[in-house]
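What follows is one structure encoded as structure tokens, with my remarks underneath.
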Amino acid sequence: MQEEIARSAIDTFISAFNASDDSYVTALLSQALTSDVVFWGPLGRSEGIAAVERFVLDIRRHPAGTGTMVRCSAVDMPDEWARYQWVFTMPDGGPRLAGTDVVHLRRSLIDQVIVFAGEIDPSAS
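Position 79 (the sequence shown) corresponds to 78 in numbering that gives the first Met the number 0; numbering is contiguous.
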């Protein structure tokens, strides 16, 4: 049951990266994250949905175009923390970024996100 809740929140979070328009990003993040979410990303710690939204929009506005983010593993939830793997592919199918996120849930929403990004692998498809 808890894994299903985590999977739903994670998939909604990921869908913000793939929204058809930037105007949908905040709504999607609000469905997945607590308002006081703590985000541990590549540039350090930030707080709140607006901070996560800036991160998502920066990735969506990459000079190469809007890429695609997908969850590429099951959600592993041994306790209140859940982890999953993801892949971000550029629109031309070019280099991709892969990694693992660890999230903490509170009341069925993500209240902490820790991003572990891997190296870009230009040979991966």
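Yeah, the Cβ is synthetic: ideal placement off N, Cα and C, and Gly gets one too.
TODO: Please classify Tyr23: is it buried, with 16 or more other beta-carbons within 10 angstroms of its beta-carbon, or exposed?
DONE: As a first step, residue 23 is located in the sequence shown; it is residue number 24 there, counting from the start. Exposed: under 16 other Cβ atoms inside 10 Å.
- [ ] State buried or exposed for Val51, treating a residue as buried only when at least 16 other CB atoms are found within 10 Å of its CB.
- [x] Numbered from 1 along the sequence shown, position 52 holds the residue referred to as residue 51. Result: buried.
Task: Contacting residues, own chain, Cβ-Cβ under 8 Å from Ala116 (five flanking each side not counted) - done: Sequence index remark: in the sequence shown, residue 116 carries index 117 (1-based). Around Ala116: Pro41, Leu96, Ala97, Gly98.
Open item on the list: Here's a check: name, in chain order, each residue in its chain whose Cβ is nearer than 6 Å to the Cβ of Val69, leaving out the five neighbours to either side.
Closed with: Within the sequence shown, numbered from 1, the residue matching residue 69 stands at position 70. Excluding residues up to 5 positions away in sequence, Val86 lie with their Cβ nearer than 6 Å to the Cβ of Val69 in the same chain.
- [ ] Would you mind stating whether Val74 and Phe16 have Cβ atoms separated by less than 8 Å?
- [x] By one-based count along the sequence shown, residue 74 stands at place 75. By one-based count along the sequence shown, residue 16 stands at place 17. The answer is no: Cβ separation not under 8 Å.
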